[in-house]
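Undergrad:
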Amino acid sequence: MTTYTRSDFQTDQEVRWCPGCGDYTILAAVQGFMAGMGVEREKIVFISGIGCSSRFPYYMNTYGMHSIHGRAPAIASGLAASRPDLSVWVVTGDGDALSIGGNHLIHSLRRNMNIKILLFNNQIYGLTKGQYSPTSEMGKMTKSTPAGSIDYPFNPVSLALGAEATFVARTIDMDRPHTQAILEAAHAHRGSALVEIYQNCNVFNDKAFLQLTGKEERVQNRIDLEAGKPIVFGPDGSKAVVLRDGSAVVVDRSTVSDAEILVHDPTRSDPSVAFAISRISHGPYGPTPMGIFRDVVRTPYEDLMARQLVDAQGKRGAGDLAKLIRSQGSWEVS
Amino acid sequence: MTEETATLDSKVETLELDKIVIRLAGDSGDGMQLAGARFTDASAAFGNDLSTFPNFPAEIRAPAGTLPGVSSFQIQIADFDILTAGDEPDCLVAMNPAGLKANIADLRQGGTLIVNQEAFDERNLAKAGYASNPLTDGSLDSFQLIKVPMDTLTKEAVKDTGVTGRDVLRSKNFVAIGLLAWMFNRPTEPTVEWVNEKFGRKPEVAAANLAAFRAGHTFGEVTEATRVTIAIKPAKLAPGSYTNVTGNTTLAWGLIAAAQAAKLPLFYSTYPITPASDILHELSRHKNFGIRTFQAEDEIAGVGAAIGAAFGGSLAITGSSGPGIALKSEAISLAIMTELPLLVINVQRGGPSTGLPTKVEQADLLFALFGRHGESPLPVVAASSPSDAFDVAIEAVRLALKYMTPVILLSDNLIANGTEPWRIPDVDSLPDISVPFTTTPNGADGSYLPYMRDVQTFARPWAVPGTPGLEHRIGGLEKEAITGNVSYTPANHQLMTDSRAWKIKNIENDIPPVAVMGDEDAEILVLGWGSTAGSIEAAARRIRRREKKVATAHLRHLNPFPSNLGEVLSRYPKILIPELNSGQLRLLLRAEFLCPAEGLNKMAGQPFQVNEIETKIMEMLEA
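Chains as they are written, first to last, in the working numbering: chain A, 1185 to 1518; chain B, 2 to 624.
Written out as structure tokens, the structure is:
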């Protein structure tokens, strides 16, 4: 195994995101993580769609393809299905993944393709200069919604859980150690992984995530999900999450017993509790769960596909073309 | 019919003919396609040349007894090499009044009409829109009418087989082909063998079908249903092994052969659509060849996954029909920009929109050539028959790999579902079309330059993920020549646009010149492409029988054209281009060569009848 440093994953291409863009910190986090991931660089492929985030492959010194709007999960699916030996990563944004490419996203998740989807969510269209996106809040004033958005937004984590994705997590650009820990877990997971990364667009949607990044707000609102631990947060752990009538709700910790506090278990096979946790907030507003919502074992599509090929060869032997083209009866003319 | 040699007397005689056209028609639930296929197999096994034309509605079970629900199957069998499924049937089997009404106008005057008389009750007559019963009102007097009590024969035949209830009459189609087997002196063994194999796990169904088959055969013998049975001698085909399969099957097999010849794993990624789905079905059965088939969530994902597999080093193929190809258009342009090998199959059907999903049309030619944004040339090839589809598949793959480009292969519904005897090729003599992956740096400083072109083909190298030291990025943004870096430079875009165009145009030096067939010194050239080949050639034969001269040529490569095409066209004062569209090839040839081509154009969801082309050629010759 070659040993790498972060610079081994940098390319000679000038990075062309706006100064101050959250994409820079994510790029640094990914490059740093990849150096220690334990996979040879030539086995790594980044596939992206269209949008600011989708320029990502040009800056990663791996194999890569900057494809077309919304289709990266489909392209990555074909690559992963035909080349199970590769580590395939998708970089996408909220418009790319959830609007034009929504269909490919949910289907690659339900199939459990072994692809890792990094969804940079900045709640805005950046490259087309500031229209609302499918994760923008209702009422948002943008160039295309001067009277305020009337589009009810997606919660990407809820959507992925609804598609029964086997790995679903959320992190944020400003927290590099957290991002790298999530990347590590996504890589260790066999199958599809959806990682929502809250990413600040300082030009068109600045401070969208202030409630999770501000010094004060962060303490109040960030709910760190940790496997096997009761879900508590807030100043001095003063808040807790409990299940009531099938919903996960935030309560004052002082009002409930320890036994009532929901213990986080991302390996639960039924996604319902993870879904309930994802509904605590519909976006980065107020108390918002961060971390791994779900991480369950299900055989990836490409493994099942490869197994069918092996089984067919075991049963019928390697394909014989000469036999095949006579298989529907033949006659001789002399 | 020709060569009428026998004379009639009191006992049944056998008349030898050189060819005959038979059509079976009934409800889409009556098993007409199955019956047609069985009769076809028996004829193939006997050694006739043949050509078939299945014609069925898009609905799986259209309302029973109605005209829209009629499904038919036409076959021409001959003792010589025929080219089409024939124009007008000599013999029509109508399983019900709707089947009769929808097809009787095509039956040759004096032809044989076999009907299931028990289906001609008041209810069925009304559904088909008959005011009076045509079996009794004299309207069929110009045909040789054979009334068969098929329901009774079927019920009697199957009563001891264990089949009961509604399943009993399912064997009715076997009564019909049993009778045809007797009338046309077909061997019975192929049908018996097929039934036993197909229904091996349902012995009562096998027994019922065989009993019905025998009942139909016996009905002919005992009642002397016709006083003359017909015999067609085996055809003198070129020596070899033959099989009778549809064009979708030969195309699928061609793809498998191409993957072997290219030494690449086959990845077929698609979304179900009529009439292309059978390619997916066929390929998905052969996983022991290492073939991966991927039924994607939509047409776009179908081509997208194929592009991903191509990047990974597979022989990547997607298949669809017109509406699906429209959805793939943006991604095909990505494959042009990234210069990845990709085969896109378009099994054309009637359009626009959902159009006529089960009917034939050639109206996607211009779409194949130009249906993309930007300057986006790619090679286009077309199959001309079920047999040809195998070879065209290999040719399309050869071009895709050698020139690192998406290629569009055009087939159509007639080729996809039609059959003809196909001379089985020697698989050991397949050409080597493999293109090795690049595994070492091609830059002076040890770097990898993904857009450093081959000096001969202008193709860029193909380095696949997993190759150390050749890590690189491609994408949809314009690429700088040689380095492949993103470039918006004006001169570079001009250079790359020209390079992509020249790469495709240069393929004309790597394909055979167009061959003129027939009378090279004729005044008229009939030029075609795709599934019209058989009708055009058959029409030309008829013209020559009238002692007139006609030259023909058929294009396999539609982009680029063979390099001699302009010169060939310039030799003929009259040029006819028959197409099942409104004149798309004609438009291209007039634009490119300024030639005075005339069109014969048909948009009826049906193939050309030979006489339509023959009449047009005569008109032009006499003009």
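Cβ coordinates follow ideal geometry from the N, Cα and C atoms, glycine included. Since the structure is predicted, the reported quantities are computational estimates derived from the model, not experimental observations.
Which runs of the beta strand (DSSP E), 3 residues or longer, sit entirely within the segment 380 to 408 of chain B?
TA: Listed in chain order, they are 381 to 383.
Undergrad: Hey, would you say A/S1261 sits closer than 8 Å to A/M1297, going by beta carbons?
TA: yes
Undergrad: Say the cut is 7 Å; is the CB of B/G600 nearer than that to a heavy atom of the ligand MG?
TA: The ligand MG is not part of the structure shown, which contains no ligands of any sort.
Undergrad: For the alpha helix (DSSP H) that contains A/Q1497, what are its first and last residues?
TA: Start and end: 1485 to 1500.
Undergrad: Is there contact here, the segment 211 to 219 of chain B with the segment 48 to 62 of chain B, by at least three beta-carbon pairs under 8 Å?
TA: no
Undergrad: With DSSP collapsed to three states, give me the class of B/I274.
TA: DSSP places B/I274 in coil when its eight states are reduced to three.
Undergrad: Roughly how many angstroms separate the alpha carbons of A/P1414 and A/C1236, rounded to a whole number?
TA: 37 Å
Undergrad: For A/Q1529, return the contacting residues in chain B, with the cut-off set at a CB-CB distance below 7 Å.
TA: With chain A covering only 1185 through 1518, there is no way to say anything about residue 1529 of chain A.
Undergrad: Determine the burial state of A/R1295: buried for a count of at least 16 other Cβ atoms within 10 Å of its Cβ, exposed for fewer.
TA: buried
Undergrad: Can you tell which of A/A1506, A/D1196, A/R1478, A/R1510 has the C-alpha that lies nearest to the C-alpha of A/T1350?
TA: A/R1478
Undergrad: Could you round the C-beta distance between B/Q610 and B/D88 to whole angstroms and report it? I think they count as a contact, below 8 Å.
TA: 4 Å
Undergrad: Residues in the same chain with beta-carbon distance under 7 Å from B/H494, minus the five sequence neighbours each way, listed in chain order, please.
TA: E479
Undergrad: Helix, strand or coil for A/M1185 per DSSP?
TA: In this structure, DSSP gives A/M1185 a state outside helix and strand, which the three-state scheme calls coil.
Undergrad: Cutting at 7 Å between CB atoms, please list the residues of its own chain near B/G375, excluding the five before and the five after it.
TA: S334
Undergrad: Apart from the five residues just before and just after A/K1300, which ones in its own chain have a Cβ nearer than 6 Å to its Cβ?
TA: W1273, A1370, A1377
Undergrad: May I ask you to report which of helix, strand or coil DSSP gives B/N49?
TA: coil
Undergrad: Can you pull the chain B neighbours of A/E1516, defined as C-beta to C-beta under 7 Å?
TA: S242
Undergrad: Kindly indicate if chain A contains any beta-carbon less than 8 Å away from that of B/P469.
TA: yes
Undergrad: So, is B/E538 buried or exposed, given that buried needs 16 or more other C-beta atoms within 10 angstroms?
TA: With 16 or more other Cβ atoms inside 10 Å of its own Cβ, B/E538 counts as buried.
Undergrad: Hey, how far is the Cα of A/Y1469 from the Cα of A/Y1485?
TA: Distance between the alpha carbons of A/Y1469 and A/Y1485: 36 Å.
Undergrad: Answer with buried or exposed for B/V398, where buried requires no fewer than 16 other C-beta atoms within 10 angstroms of its C-beta.
TA: buried
Undergrad: Taking a Cβ distance cut-off of 9 Å, strictly less, list which residues of the segment 525 to 544 of chain B are near chain A, in chain order.
TA: Listed by position, the residues of the segment 525 to 544 of chain B near chain A (Cβ gap below 9 Å) amount to none.
Undergrad: Since A/H1520 meets chain B, which of its residues come closer than 9 Å, beta carbon to beta carbon?
TA: This structure leaves residue 1520 of chain A out entirely; chain A is present only between 1185 and 1518.
Undergrad: If we ignore side chains and look at the alpha-carbon of each, how far apart do B/R545 and B/T247 end up?
TA: 30 Å
Undergrad: Just to check my reading of the structure: A/A1458 and B/A297 have Cβ atoms closer than 8 Å, yes? What is that Cβ distance to the nearest angstrom?
TA: No, A/A1458 and B/A297 are not in contact; Cβ-Cβ is about 27 Å, not under 8 Å.
Undergrad: Name the chain B residues whose beta carbon is nearer than 9 Å to that of A/H1288?
TA: A297, E298, D299, I301, A302, G305
Undergrad: Counting pairs of Cβ atoms below 8 Å between the segment 265 to 283 of chain B and the segment 307 to 325 of chain B, do you hit three or more?
TA: Between the segment 265 to 283 of chain B and the segment 307 to 325 of chain B, the count of C-beta pairs closer than 8 Å reaches three or more; the two stretches touch.
Undergrad: Within the chosen definition, does the segment 441 to 454 of chain B reach the segment 382 to 402 of chain B through at least 3 CB pairs nearer than 8 Å?
TA: no
Undergrad: Taking the C-alpha atoms as reference points, what is the distance between A/N1306 and B/F438?
TA: One C-alpha to the other measures close to 40 Å.
Undergrad: Residues of the segment 269 to 281 of chain B with a CB closer than 9 Å to any CB of chain A: list them in chain order, please.
TA: S270
Undergrad: Please list the terminal residues of the continuous beta strand (DSSP E) segment that includes A/F1230.
TA: 1228 to 1232
Undergrad: Which ranges does the beta strand (DSSP E) cover as unbroken runs of at least 3 residues, wholly within the segment 142 to 202 of chain B, from first to last along the chain?
TA: 145 to 149
Undergrad: Which whole-angstrom value describes the C-beta separation of B/A209 and B/T162, a residue pair presumed to lie in contact below a C-beta threshold of 8 Å?
TA: 4 Å
Undergrad: What do you get for B/K504, buried or exposed, if any count of 16 or more other CB atoms within 10 angstroms of its CB means buried?
TA: buried
Undergrad: DSSP three-state call for B/P422: helix, strand or coil?
TA: strand
Undergrad: For B/F175, which of B/T244, B/T230, B/A207 has the nearest alpha-carbon?
TA: B/A207
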